[in-house]
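Sequence lines, in order, name chains Z and C. So that you can map any letter, position 26 of the first sequence is 26 in UniProt numbering, and since no number is skipped, the others follow by simple counting. So that you can map any letter, position 23 of the second sequence is 23 in UniProt numbering, and since no number is skipped, the others follow by simple counting. Every residue, glycine too, gets a C-beta built ideally from N, C-alpha and C. These figures come from a predicted structure and were not determined experimentally. Everything below concerns the one structure shown next.
2 protein chains.
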Amino acid sequence: MQIELEQAATLLKLLGDKTRLTMMKMLDHSDFCVCEFVEIFKTSQPAISQHLRKLKDVGIVKETRKGQWIFYSLNTESDYYPFLKEILKSLPSQDDRLQQLEKQGLRITCQ
Amino acid sequence: MQIELEQAATLLKLLGDKTRLTMMKMLDHSDFCVCEFVEIFKTSQPAISQHLRKLKDVGIVKETRKGQWIFYSLNTESDYYPFLKEILKSLPSQDDRLQQLEKQGLRITCQ
DNA sequence: ATAATATATAAGTGTTTTATTATATAAGTC
DNA sequence: GACTTATATAATAAAACACTTATATATTAT
Numbered sequence: 001m002q003i004e005l006e007q008a009a010t011l012l013k014l015l016g017d018k019t020r021l022t023m024m025k026m027l028d029h030s031d032f033c034v035c036e037f038v039e040i041f042k043t044s045q046p047a048i049s050q051h052l053r054k055l056k057d058v059g060i061v062k063e064t065r066k067g068q069w070i071f072y073s074l075n076t077e078s079d080y081y082p083f084l085k086e087i088l089k090s091l092p093s094q095d096d097r098l099q100q101l102e103k104q105g106l107r108i109t110c111q
Numbered sequence: 001m002q003i004e005l006e007q008a009a010t011l012l013k014l015l016g017d018k019t020r021l022t023m024m025k026m027l028d029h030s031d032f033c034v035c036e037f038v039e040i041f042k043t044s045q046p047a048i049s050q051h052l053r054k055l056k057d058v059g060i061v062k063e064t065r066k067g068q069w070i071f072y073s074l075n076t077e078s079d080y081y082p083f084l085k086e087i088l089k090s091l092p093s094q095d096d097r098l099q100q101l102e103k104q105g106l107r108i109t110c111q
């Protein structure tokens, strides 16, 4: 599946940030809420929110409110999804970050 | 083949620019010299030089002087190459740009 | 209703990026 | 050697970016 070059550049620029790229790789594994990312990246909540908004603005993630939490997930409906998936495939698993979160008892699991 | 996430972010940021991404896709097809890119992108020579330098600095392109011209080509030896190739595969051919250059008689072909 | 928690938005700031102009270097031509 | 062409580098200015702090909104609990 092909993608317009200009759009591809926009997407790649978005992914060209360590925090956002890590987020995307993690979201490829499971959904996360904002506060989990805040823990993982040891940065401020607004910074995380702003990264997520950029990802949402181009449509590669979507959000779902579950009670007080808002969970983010990959938007598999996006035109970018196949391209994105291909890129994520080449990246190392970030499971260690998830495990660290679980070990600290900070993993939010609600349905 | 896997790549460190931080390095991947660095590469993706580099590719996240329309000019550089187009250059890379074109270089995947054949070598080009600086003055050809200047024609193609309708921008200044220093701007093109600076983009090429960034690509060279991370090692994904290499240069070869041929007389007065310096030709750039993909560095297939780069650790990034397989990852890069995967990305380029998803991008539309830029042959129209090359054909336009040839039609104007501005294609440089020397060996 | 009030307080606490989770998230988003707004405003401001320092940093990074990308272009431009000016200049330097290197090769080719007369 | 002087002139032209191709390319690189330096300095700088404008725009974009990614934080921060402060504040607003939404949900849940008391």
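Best match in the options for proximity to residue i [C-alpha to C-alpha]
{"i": "M24(C)", "options": "Q100(C), E6(C) and Y81(C)", "result": "Y81(C)"}
{"i": "A8(C)", "options": "Q68(C), K18(C) and E86(C)", "result": "E86(C)"}
{"i": "L52(Z)", "options": "Q99(Z), S93(Z) and L14(Z)", "result": "L14(Z)"}
{"i": "A47(C)", "options": "V34(C), V58(C) and D96(C)", "result": "V34(C)"}
{"i": "S73(Z)", "options": "S30(Z), V38(Z) and G16(Z)", "result": "S30(Z)"}
{"i": "M26(Z)", "options": "Q104(Z), Q99(Z), K103(Z) and Q94(Z)", "result": "Q94(Z)"}
{"i": "V58(C)", "options": "T64(C), F71(C) and N75(C)", "result": "N75(C)"}
{"i": "D28(C)", "options": "K66(C), I60(C) and W69(C)", "result": "I60(C)"}
{"i": "D17(Z)", "options": "K54(Z), D96(Z) and L98(Z)", "result": "K54(Z)"}
{"i": "F32(Z)", "options": "K56(Z), W69(Z) and Q2(Z)", "result": "W69(Z)"}
C-beta atoms of residue i and residue j nearer than 8 Å
{"i": "L5(Z)", "j": "L88(C)", "result": "no"}
{"i": "L21(C)", "j": "L12(Z)", "result": "yes"}
Residue i beta carbon near the ligand FAD (any heavy atom closer than 7 Å)
{"i": "G16(C)", "result": "As presented, the structure is devoid of all ligands, the ligand FAD included, so that no description of it is given."}
Nonlocal neighbours in the same chain, by C-beta distance under 6 Å from residue i, ignoring five residues either side
{"i": "T10(C)", "result": "none"}
{"i": "E77(C)", "result": "none"}
{"i": "E63(Z)", "result": "I70 and Y72"}
{"i": "R97(Z)", "result": "I40"}
Proximal residues to residue i (C-beta, below 7 Å), its chain only, five neighbours per side dropped
{"i": "T19(Z)", "result": "F41 and H51"}
{"i": "K103(C)", "result": "none"}
8 Å Cβ shell around residue i - same chain, five flanking residues per side excluded
{"i": "E36(Z)", "result": "L101, L106, R107 and I108"}
{"i": "T43(Z)", "result": "T19"}
{"i": "R65(C)", "result": "F71"}
{"i": "Q45(Z)", "result": "V34, C35 and V38"}
Bridge partner(s) assigned by DSSP for residue i
{"i": "I70(Z)", "result": "R65(Z)"}
### Query
the segment 1 to 33 of chain Z: which residues have C-beta closer than 9 Å to a C-beta of chain C, in chain order?
Residues of the segment 1 to 33 of chain Z with a Cβ closer than 9 Å to any Cβ of chain C, in chain order: M1, Q2, I3, E4, L5, E6, A8, A9, T10, L11, L12, K13, L14, L15, G16, D17, K18, T19, R20, L21, T22 and K25.
### Query
What residues in the segment 68 to 83 of chain Z have a beta carbon less than 7 Å from any beta carbon of chain C?
F83
### Query
Listed in chain order, which residues of the segment 88 to 101 of chain Z have Cβ atoms closer than 7 Å to some Cβ of chain C?
S90, L91 and P92
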